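**Student:**
Protein chains in written order, with this note's numbering: chain A, 2 to 315; chain B, 560 to 829.
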């Protein structure tokens, strides 16, 4: 306050030095004013992150069964060892990886193709787009039950009727091809997500470069491969990562269709944890599986955070 | 210049109809009798009946489930906005050197898979007597969607000229006055789409609602799941209940599709 203004020879007419200093300071809020605005969010998320995480980690090294209060004490690595040796973990991991991988492949490939097709103008484009994205807004229990019963039921379902009509016979989808059936339903739910994001991204393709390529004789496939797909690069990686985070935890679709079966054919990590914890009341074993799920998700999360960080200009 | 292509247009419409078909088929089934719903060959033309909707509403429970869904999604969204708006305001207009790290850390909390913490959340809910209460789900939805809300609001706020906030500051407004009188009217559309996305996410959330509620606090996803029991398989009623459960959210989704991209990708795709 002592005087930048005073010693300023250019002289801001009518602006005395103290006033200027105060304005400069007053334009910004003090940290003491802005910190309380951010603090609640940060503190809540800190608790939300640390407490359950610490508990899961702790339980995973404990003997703890809700049905047997006599059982307690440290378990060392035995919860993990039991998981590994029983084979349930490997099967669940494999099911999880197949589900996530297959759904990702289907949704990203078709999402990109749909996005490129919808980049054309045609009558009713807006309505058609709304129809395509609708499945994403349907709650998972509805999607799964409608597919399982109305469409895929081998006796009364529509698909069974159609395959019989063309002489192929009806397939007992959830009995014979349980994993494929669930992948099919989940892909139908998430394809709109991939489409919506890739379509948004493809909108910003530079039209003049597409036009130039077209004049040079490039067909739609060449334009798709060499202009549109590279342009969607970041959007594709975001779709892959966001979907992975959600798909690792697919639960409701399995819960209402196969309940993890037949046998353990559709028991993914999420369902395994649910079974161990809330059906077998084995807190220790379920927590060990939980820790593994968290590690798996975090590998993907690292990539996602890096991608987002590049775009964040703060 | 966009190119018009008849072939692409026809293809797009075929895709659109195919993707929507299961929902259309469900809508049809909801107007059939139970006998017609399971009939082979499937009926495309029939005398529509409102019987199923009538029955669903007669079943006093349905409205209770619907009400649970409304309360849980609206209340959790409201609480979340109250917490997230000030945070996003401070970070968007007055970033410090820690803002970037804070935002990315918030994003990372979203990466914790729900199944990984099922056990502790279940036990905590039990110990605090919150099992099968709406409060448990409200708390969980506020916390799990908070990072999305902060991020989405942050990206909207960033697009608001900073000068306007600073001008109000010079005029002597306090933090809350700046937020309520100056910022909120400007970013109302952004806040509306953030609210819509959070309502959609809370409305459709199935993992926690299946695991933490039984009857009293069960929202619609859990109610619909009760149709999976083989002895309770009524396709026409299942369809009618489903139509009612998804209709409001479907409309919300259609309205806000464009802004949802921003929220669901944490601003990485706009």
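Quick reminder that beta carbons are idealized off the backbone N, C-alpha and C, glycines included.
Values in this document were obtained by computation on a predicted structure and should not be read as measured data.
(1) What in chain B is Cβ-close to residue 137 of chain A, meaning under 8 Å?
(2) Hey, residue 765 of chain B and residue 252 of chain A are a contact pair by Cβ (cut 8 Å); roughly how many whole angstroms apart?
(3) From the DSSP secondary-structure annotation, give me the bridge partner or partners of residue 190 of chain A.
(4) Using a beta-carbon distance below 7 Å, is residue 678 of chain B in contact with chain A?
(5) With which residues is residue 63 of chain A paired in a DSSP beta bridge?
(6) Looking only at its own chain, which residues have a Cβ that is under 7 Å from the Cβ of residue 793 of chain B, when we skip the five neighbours before and after it?
(7) Does any C-beta atom of chain A lie closer than 7 Å to the C-beta of residue 573 of chain B?
(8) According to DSSP, simplified to helix, strand and coil, what is residue 295 of chain A?
(9) Would you say residue 69 of chain A reaches chain B, if we count a Cβ-Cβ gap shorter than 7 Å as a contact?
(10) Measuring CA to CA, which of A:102, A:188, A:226, A:290 is closest to residue 88 of chain A?
(11) Is residue 34 of chain A helix, strand or coil when you go by DSSP?
(12) Within 10 angstroms of its Cβ, does residue 718 of chain B collect 16 or more other Cβ (buried), or is it exposed?
(13) Measure the alpha-carbon distance for residue 640 of chain B versus residue 33 of chain A and round it to whole angstroms.
(14) So is residue 780 of chain B in contact with chain A if we call contact Cβ pairs under 7 Å?
(15) Please look up how many angstroms separate the CB atoms of residue 132 of chain A and residue 578 of chain B, rounded, as I've assumed it's under 8 Å.
(16) Counting only Cβ pairs nearer than 7 Å, list the residues of chain A close to residue 666 of chain B.
(17) In chain B, which residues lie less than 7 Å from residue 162 of chain A when you measure between Cβ atoms?
(18) Quick one: grab the DSSP three-state call for residue 269 of chain A.
(19) With 7 Å as the threshold, decide whether the Cβ of residue 753 of chain B is near any Cβ in chain A.
(20) Any idea what DSSP makes of residue 122 of chain A, helix, strand or coil?
(21) Leaving out the 5 sequence neighbours to the left and right, which residues in its chain are closer than 7 Å to residue 833 of chain B when beta-carbon positions are compared?
(22) Assign residue 130 of chain A to buried or exposed, taking buried as 16 or more other Cβ atoms, counted over all protein chains shown, within 10 Å of its Cβ.
(23) Can the beta-carbon of residue 821 of chain B be found closer than 7 Å to that of residue 714 of chain B?
(24) Taking 8 Å as the threshold, find out whether the segment 298 to 314 of chain A comes into contact with the segment 234 to 245 of chain A through three or more Cβ pairs.
(25) Answer with yes or no whether the minimum CB distance from residue 794 of chain B to chain A is below 7 Å.
(26) Going straight from the alpha carbon of residue 263 of chain A to that of residue 84 of chain A, what length do you get?
(27) Can you list, in chain order, the stretches of the alpha helix (DSSP H) that have 4 or more residues and sit fully within the segment 737 to 787 of chain B?
(28) Could you tell me whether any non-hydrogen atom of the ligand GDP is closer than 6 Å to the CB of residue 820 of chain B?
(29) Under 7 Å, CB to CB, which of the residues in the segment 230 to 248 of chain A have a partner in chain B?
(30) What span of residues does the alpha helix (DSSP H) with residue 699 of chain B cover, start to end?
(31) Write down the C-beta distance between residue 783 of chain B and residue 146 of chain A rounded to the nearest angstrom, noting that I regard them as a contact closer than 8 Å.
(32) For residue 648 of chain B, count neighbouring Cβ atoms within 10 angstroms of its own Cβ and tell me buried if that reaches 16, exposed if not.
(33) Quick check on residue 763 of chain B - is its C-beta less than 7 Å from some C-beta in chain A?
(34) Using a Cβ distance threshold of 8 Å, determine whether the segment 109 to 119 of chain A contacts the segment 152 to 162 of chain A, with at least three qualifying pairs required.
**Tutor:** With the structure as the only source:
(1) Looking up residue 137 of chain A in the first chain gives position 136. Close partners of residue 137 of chain A in chain B (Cβ separation under 8 Å): 812.
(2) Residue 765 of chain B sits at position 206 when you count from the first residue of the second chain. Residue 252 of chain A sits at position 251 when you count from the first residue of the first chain. The C-beta distance from residue 765 of chain B to residue 252 of chain A rounds to 7 Å, short enough to fall under 8 Å.
(3) Working through the first chain from its first residue, we reach residue 190 of chain A at position 189. Beta-bridge partners of residue 190 of chain A (DSSP): none assigned.
(4) Reading the second chain from its first residue, position 119 is the one you call residue 678 of chain B. For residue 678 of chain B, a Cβ of chain A is located within less than 7 Å of the residue's own Cβ.
(5) Here residue 63 of chain A is taken as the residue at index 62 of the first chain, counted from 1. For residue 63 of chain A, which the question treats as bridged, DSSP gives the partners A:75.
(6) One-based indexing of the second chain puts residue 793 of chain B at position 234. Excluding sequence positions up to five before and after residue 793 of chain B, its CB lies within less than 7 Å of the CB of 593, all in the same chain and listed in chain order.
(7) As a working note, residue 573 of chain B is residue 14 in the second chain. Among the residues facing chain A, residue 573 of chain B is not included, as its CB has no counterpart in that chain under 7 Å away.
(8) Walking along the first chain from the start, residue 295 of chain A turns up at place 294. DSSP places residue 295 of chain A in helix when its eight states are reduced to three.
(9) By one-based count along the first chain, residue 69 of chain A stands at place 68. It does not: the Cβ of residue 69 of chain A has no partner Cβ on chain B nearer than 7 Å.
(10) Locating residue 88 of chain A in the first chain gives position 87, counting from the first residue. Comparing Cα positions, the closest option is A:290.
(11) Here residue 34 of chain A corresponds to residue number 33 of the first chain, with the count starting at 1. Judged by DSSP in its simplified three-state form, residue 34 of chain A adopts helix.
(12) Translated into the one-based positions of the second chain, residue 718 of chain B becomes position 159. Of the residues assessed, residue 718 of chain B falls on the exposed side of the cut-off, its CB having fewer than 16 other CB atoms within 10 angstroms.
(13) Sequence index remark: in the second chain, residue 640 of chain B carries index 81 (1-based). Sequence index remark: in the first chain, residue 33 of chain A carries index 32 (1-based). Going by C-alpha positions, residue 640 of chain B is about 22 Å away from residue 33 of chain A.
(14) Looking up residue 780 of chain B in the second chain gives position 221. Chain A has a Cβ within less than 7 Å of the Cβ of residue 780 of chain B.
(15) On the first chain, residue 132 of chain A is found 131 positions in, with the first residue counted as 1. On the second chain, residue 578 of chain B is found 19 positions in, with the first residue counted as 1. In this structure, residue 132 of chain A and residue 578 of chain B form a Cβ contact; the two beta carbons are roughly 6 Å apart against a cut-off of 8 Å.
(16) The count along the second chain starts at 1 and reaches residue 666 of chain B at position 107. Taking a Cβ-Cβ threshold of 7 Å, the residues of chain A close to residue 666 of chain B are 306, 309, in chain order.
(17) Translated into positions along the first chain, residue 162 of chain A becomes position 161. Near residue 162 of chain A (Cβ distances below 7 Å), the residues of chain B are 599, 600, 601.
(18) Sequence index remark: in the first chain, residue 269 of chain A carries index 268 (1-based). Residue 269 of chain A carries a coil assignment under DSSP once its states are collapsed to helix, strand and coil.
(19) Here the question's residue 753 of chain B lines up with position 194 in the second chain. So, not an interface residue.
(20) For the purposes of this step, residue 122 of chain A is taken as the residue at position 121 of the first chain. Residue state, collapsed to three classes: strand.
(21) In the structure as shown, chain B begins at 560 and stops at 829. Residue 833 of chain B is therefore absent and cannot be evaluated.
(22) The residue you call residue 130 of chain A lines up with position 129 of the first chain. A buried status is given to residue 130 of chain A, since no fewer than 16 other beta-carbon atoms sit within 10 Å of its beta-carbon.
(23) For the purposes of this step, residue 821 of chain B is identified with residue 262 of the second chain, where counting begins at 1. For the purposes of this step, residue 714 of chain B is identified with residue 155 of the second chain, where counting begins at 1. The answer is yes: Cβ separation under 7 Å.
(24) Touching, per the Cβ criterion.
(25) To locate residue 794 of chain B, count along the second chain from 1; it is residue 235. Yes, its Cβ sits closer than 7 Å to a Cβ of chain A.
(26) To locate residue 263 of chain A, count along the first chain from 1; it is residue 262. To locate residue 84 of chain A, count along the first chain from 1; it is residue 83. Spanning the two alpha carbons is a distance of roughly 20 Å.
(27) Taking only runs of at least 4 residues, the alpha helix (DSSP H) segments lying wholly in the segment 737 to 787 of chain B are 743 to 763, 766 to 771, 779 to 784.
(28) Looking for the ligand GDP in the displayed structure turns up nothing, as the structure carries no ligands at all.
(29) Those residues of the segment 230 to 248 of chain A that come within reach of chain B (Cβ to Cβ, closer than 7 Å) are 235, 236, 239, 243, 246.
(30) Locating residue 699 of chain B in the second chain gives position 140, counting from the first residue. Bounds of the alpha helix (DSSP H) holding residue 699 of chain B are 693 to 717.
(31) The sequence position of residue 783 of chain B within the second chain is 224, counting from 1. The sequence position of residue 146 of chain A within the first chain is 145, counting from 1. Between residue 146 of chain A and residue 783 of chain B the Cβ distance is about 6 Å, and since that is below 8 Å, they are a contact.
(32) Sequence index remark: in the second chain, residue 648 of chain B carries index 89 (1-based). Counting the other CB atoms within 10 Å of its CB gives residue 648 of chain B a total of 16 or more, which places it among the buried residues.
(33) The residue given as residue 763 of chain B occupies position 204 in the second chain. Judged by the 7 Å Cβ criterion, residue 763 of chain B is in contact with chain A.
(34) No, the segment 109 to 119 of chain A is not in contact with the segment 152 to 162 of chain A.
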